[in-house]
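Quick note: the sequence shown uses this note's numbering, first residue 874, plus one each step.
Glycine included, each C-beta is placed from N, C-alpha and C at the ideal position.
Keep in mind that this is a model prediction, so the values were computed, not measured.
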Amino acid sequence: MGESKLKYGLRVLKNASFKKFTDCVNEAHRISGKSKLACAREIVHCMRKFDAGYYDYVIFQFWDKTDAERDTYLTRFRSKKLVSQMNDPAYAHFFDNKDEFNEKFKDYIGRDFIELETATKEEIEAYFNRKDKVFCKLKDLECGIGCERLETSDFENFDEFYAYIKEKGFGTLEGVIENHPDLNKVYSGSANTMRMITIIGDDGKPHLIYSVQKFGINGRVVDNYGVHGPVDLETGEFLFPAHSGDTKAEGLYTEHPNSHEKLVGFKTPLFKEAKEMVLKAAMEVPQIRYVGWDVAVTPNGPAIIEGNVYCAHDFWQLPGQTPGNIGIMPTLKELVPSYKY
């Protein structure tokens, strides 16, 4: 079940960075106008009472929330406990290893792929020859880390391409996901994915508890650290102004910063189909009950990019996107009464 709360707390204190703490105090003071002493006291109070990390105080703007409201937020330690209780680490390899994930969820990913560890050089060359562009992934990383989109025409020949991917240590080559035209209109430089959070409740059924639409910006080939906002769980409609991918940054976007397409009111295409897909996928490895799915919507339908067994707890409870200052905890407690924090 993971380390005890006391043990975790001692470890956090041991590894705590005074500089990071003071940075949070200074940032909270700058934005809220409260004195640094008041901010420091409140950060410690929230750590003790709500298991919050000091970044939580800034990200969620806890300075303008009551204790009753703060208690509705899934904070850093609560998130760790949720993952520990919901997900059996013995089965996490199906998600953490990209080769295993692609094989396990091959009916959901909507693209062809080749595993570089097991493929022959001739098989890789055949894959190279039939592609204009490929998406390269490291084997055991997630959230877009270490990914590259390569144009095969940028290489003089296959041998040059082969040497490059070997030098980089990529584990998988995949076909490049093409956006649905509605998503391309907003931003065409990356696959604009949804992060769809599913949890298998104590009733044994999968539930979609949150979905956020993301868009890339500024020429980036992945949508991480772009702009994002929650969508309605029935219609896929973009509900609020978008946040920056940096959840500590200020500023909201009513339109995409590059294309200037309106975001509020935008409807993610084929949302119903995407929802049905992740609810089905959630039961493929029932020992992993809590998953953050990255889902693309292509001209041919939704496709799962990857599944994450450790979901970030911040982006789905952000200021300006959390009505009534009520976080996700009430939903979690309703679906998983056994959750202890």
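Asked: DSSP state of Met-874 mapped onto helix, strand, coil; Found: The predicted model places Met-874 with a pLDDT of 47, which falls under 50 and marks its position as unreliable; any figure quoted below should be read in that light. Here Met-874 sits in coil by DSSP.
Asked: Straight-line Cα distance separating Phe-923 from Asp-1005; Found: 51 Å
Asked: Residue-chain proximity (Asn-1057, chain C), Cβ-Cβ < 8 Å; Found: The chain labelled as chain C is not found in the depicted structure, where only one protein chain is given.
Asked: Which of helix, strand or coil DSSP assigns to Met-1150; Found: helix
Asked: Identified DSSP bridge partners for Gly-1048; Found: Val-1007
Asked: Stretch pair the stretch 1065-1085 + the stretch 1023-1042: three plus CB contacts closer than 8 Å; Found: no
Asked: Residue closest to Ile-1161, alpha-carbon to alpha-carbon, out of Tyr-946, Ala-963, Ala-1115; Found: Ala-963
Asked: Cα-Cα separation, Phe-986 to Gly-1109; Found: 29 Å
Asked: DSSP bridge partner residues for Val-1170 (one or two, in chain order); Found: Pro-1175
Asked: Per DSSP, the bridge partner or partners of Asn-1023; Found: Checking the sequence shown, residue 1023 turns out to be Leu, not Asn. The partner list for Leu-1023 (beta bridge, DSSP) reads Val-1007.
Asked: Paired residues, beta bridge with Ala-1115 - DSSP; Found: Tyr-1126
Asked: Own chain partners of Gly-926 with C-beta closer than 6 Å, once the 5 adjacent residues on each side are dropped; Found: Arg-949
Asked: Distance, Val-1164 Cα to Asn-1181 Cα; Found: 6 Å
Asked: Inter-residue Cα distance where the pair is Asp-961 and Lys-1010; Found: 25 Å
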